[in-house]
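**Student:** Can you keep this structure in mind? I'll have questions shortly.
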Amino acid sequence: MEMIIRILVFFMIGVFAGSMSGLFGIGGGSIRIPLLNLAGLPLLSAYGINLFVIPLSSLVGAYSHRKNIVYRIGPYMIIGGTLGSVIGALLAGMIPTLVLAMIFVSITILTVLAIYVEKIIPRIAGRFKQKPWIILTGTFLLNVITGMRGGSGGSLFPPFLKAVRMDIHKAIATSLFVTIFTAAAAIVVYWNRGNILWLPAVFVASGSMIGARLGSGLSLRTKPVWLEVGLSVLVVFLALLVVYRVIST
2 MEMIIRILVF
12 FMIGVFAGSM
22 SGLFGIGGGS
32 IRIPLLNLAG
42 LPLLSAYGIN
52 LFVIPLSSLV
62 GAYSHRKNIV
72 YRIGPYMIIG
82 GTLGSVIGAL
92 LAGMIPTLVL
102 AMIFVSITIL
112 TVLAIYVEKI
122 IPRIAGRFKQ
132 KPWIILTGTF
142 LLNVITGMRG
152 GSGGSLFPPF
162 LKAVRMDIHK
172 AIATSLFVTI
182 FTAAAAIVVY
192 WNRGNILWLP
202 AVFVASGSMI
212 GARLGSGLSL
222 RTKPVWLEVG
232 LSVLVVFLAL
242 LVVYRVIST
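In terms of this note's numbering, the sequence shown opens at residue 2 and continues consecutively.
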């Protein structure tokens, strides 16, 4: 009975995180990792499972958003993001849990600020353009950081693309497309370290694929302002939960 309950918990975590992934265009790690950690999994195992799930849920989400994907910048994001993901994943195995949790929160704050950079500091936002070197460098640096907390860059890609003056719906679609590749590269590192627990991974992945389809459909019908506010509130709340759990254990 206890095993059935745990399986249901992992499946529902997948459905919820997948829905948010499809809705906001994020890889889902900002949501999936805190919930897996709260469900009793070690932080590194939560990271590994998250990376296993991302390509599957992002594939479903990207298909739903396919008309809004900006393919011309995709290769630059994939190259920079993949290199960054691998380096970040390697670094994650060398960093203490508390430090990883603080990195997670720092990334969350950066995510929220990036969403509103055009409103907070319009002069700086106006200097960012969709030039190849900016996209390549930006995604590399973002993925080194997110790779250290088991992410694919998906939580930061929409804000980053919005900062380089891309429409929020196109940013969400392009982010989902790119995270398919950036997450797949980092999986190998976590797999070799033995951080991926396969039973939770399978059920979280199944739920995430269902949720991604539901969330993507809702995203296409939602006003950009609500997408921005919803993403901000959700990732901050869950990041604080991770820190609370690490400090209290």
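Heads up, the beta-carbon is just placed ideally off N, CA and C, and yes, glycines get one too. Quick caveat: nothing in here was measured; it's all calculated off a predicted structure.
1. Can you say whether PHE11 is buried or exposed, counting buried as having 16 or more other CB atoms within 10 angstroms of its CB?
2. When you compare only the Cα positions, how much space is there between ARG166 and PRO160?
3. Leaving out the 5 sequence neighbours to the left and right, which residues in its chain are closer than 7 angstroms to LEU84 when beta-carbon positions are compared?
4. List the endpoints of the continuous alpha helix (DSSP H) containing MET95.
5. Would you mind working out which of ALA184, ILE96, GLY75, VAL87 sits nearest GLY30, comparing C-alpha positions?
6. If you compare alpha carbons, which of ASN51, ARG150, GLY82 is closest to MET256?
7. Against chain C, with Cβ distances strictly below 7 angstroms, would TRP134 count as a contact?
8. Quick one: what does DSSP say THR223 is sitting in, helix, strand or coil?
9. On the three-state DSSP scale, how would you describe ALA164?
10. I believe SER209 touches LEU57 by the beta-carbon criterion, under 8 angstroms. Please report the beta-carbon distance rounded to the nearest angstrom.
11. Output needed for ILE135: all residues of its chain with C-beta closer than 6 angstroms, excluding positions within five of it in sequence on either side, in chain order.
12. Using C-beta distances below 8 angstroms, list every residue in its chain close to VAL244, excluding the 5 sequence neighbours before and after it, in chain order.
13. Leaving out five residues before and five after SER207 in sequence, what residues of the same chain have Cβ atoms less than 8 angstroms from its Cβ?
14. Just the C-alpha distance for GLY93 and VAL87, rounded to the nearest angstrom, thanks.
15. Do ALA187 and LEU52 have their CB atoms nearer than 7 angstroms?
16. Please look up how many angstroms separate the CB atoms of ILE55 and THR180, rounded, as I've assumed it's under 8 angstroms.
17. Do GLY81 and GLY23 have their CB atoms nearer than 7 angstroms?
18. Alpha carbon to alpha carbon, what distance is there between VAL145 and LEU242?
19. If we count the other Cβ atoms within 10 Å of its Cβ and call it buried at 16 or more, is ARG67 buried or exposed?
20. Grouping DSSP H, G and I as helix and E and B as strand, with all else coil, what is ASN38?
21. For THR175 and LEU162, which I take to be in contact (beta-carbon distance under 8 angstroms), what is that distance rounded to the nearest angstrom?
22. Is it right to say ARG222 is buried, meaning 16 or more other beta carbons lie within 10 angstroms of its own, or is it exposed?
23. State the CB to CB distance for the pair GLY49 and PHE178, rounded to an integer number of angstroms; the pair is presumed to be in contact (CB under 8 angstroms).
24. Work out the CA separation of ALA47 and PHE17 for me, nearest whole Å.
**Tutor:** Concretely, from the data shown:
1. Locating residue 11 in the sequence shown gives position 10, counting from the first residue. Buried, by the Cβ-count rule.
2. By one-based count along the sequence shown, residue 166 stands at place 165. By one-based count along the sequence shown, residue 160 stands at place 159. C-alpha separation (whole angstroms): 10 angstroms.
3. Locating residue 84 in the sequence shown gives position 83, where the first residue counts as 1. Here the set comprises PHE141.
4. As a first step, residue 95 must be located in the sequence shown, where it is residue number 94. No alpha helix (DSSP H) contains MET95, which DSSP labels as neither H nor E.
5. As a position in the sequence shown, residue 30 is number 29, starting the count at 1. Among ALA184, ILE96, GLY75, VAL87, the Cα nearest to that of GLY30 belongs to ALA184.
6. Residue coverage of the chain in this structure runs from 2 to 250, which leaves residue 256 outside it and unanswerable.
7. No chain C is present in this structure, which holds just one protein chain.
8. In the sequence shown, counting from the first residue as 1, residue 223 sits at position 222. Residue state, collapsed to three classes: coil.
9. As a first step, residue 164 is located in the sequence shown; it is residue number 163 there, counting from the start. In the structure shown, ALA164 sits in a helix (DSSP, three-state: H, G or I).
10. Indexing the sequence shown from 1 puts residue 209 at position 208. Indexing the sequence shown from 1 puts residue 57 at position 56. Contact holds; Cβ gap of about 7 angstroms.
11. The residue you call residue 135 lines up with position 134 of the sequence shown. Hits under 6 angstroms: none found.
12. As a working note, residue 244 is residue 243 in the sequence shown. For VAL244, where only same-chain residues beyond five positions count, the Cβ hits under 8 angstroms are ALA102, MET103, PHE105, VAL106.
13. Counting from 1 along the sequence shown, the entry for residue 207 is found at position 206. PHE12, GLY15.
14. By 1-based counting over the sequence shown, the position of residue 93 is 92. By 1-based counting over the sequence shown, the position of residue 87 is 86. For the record, residue 93 in the displayed sequence is Ala; it is not Gly. The alpha-carbon atoms of ALA93 and VAL87 are separated by roughly 10 angstroms.
15. In the sequence shown, the residue the question calls residue 187 occupies position 186. In the sequence shown, the residue the question calls residue 52 occupies position 51. The answer is yes: Cβ separation under 7 angstroms.
16. Residue numbering aside, residue 55 sits at position 54 when the sequence shown is read from its first letter. Residue numbering aside, residue 180 sits at position 179 when the sequence shown is read from its first letter. The pair is a contact, with the Cβ atoms about 6 angstroms apart (cut-off 8 angstroms).
17. Start at 1 with the first residue of the sequence shown, and residue 81 comes out as number 80. Start at 1 with the first residue of the sequence shown, and residue 23 comes out as number 22. Result no, Cβ atoms of GLY81 and GLY23 do not sit closer than 7 angstroms.
18. Here residue 242 corresponds to residue number 241 of the sequence shown, with the count starting at 1. Here residue 145 corresponds to residue number 144 of the sequence shown, with the count starting at 1. In a straight line, the C-alpha of LEU242 is about 23 angstroms away from that of VAL145.
19. To locate residue 67, count along the sequence shown from 1; it is residue 66. Burial call: exposed.
20. Here residue 38 refers to the residue found at position 37 of the sequence shown. Helix.
21. In the sequence shown, residue 175 corresponds to position 174, counting from 1. In the sequence shown, residue 162 corresponds to position 161, counting from 1. About 6 angstroms separates the two Cβ atoms, so the contact holds.
22. Within the sequence shown, residue 222 is the residue found at index 221, counting from 1. When all chains shown are included, ARG222 counts as exposed.
23. Residue numbering aside, residue 49 sits at position 48 when the sequence shown is read from its first letter. Residue numbering aside, residue 178 sits at position 177 when the sequence shown is read from its first letter. At roughly 23 angstroms, the Cβ-Cβ gap does not stay under 8 angstroms, so GLY49 and PHE178 are not in contact.
24. Stepping through the sequence shown from its first residue, residue 17 is reached at position 16. Stepping through the sequence shown from its first residue, residue 47 is reached at position 46. Spanning the two alpha carbons is a distance of roughly 15 angstroms.
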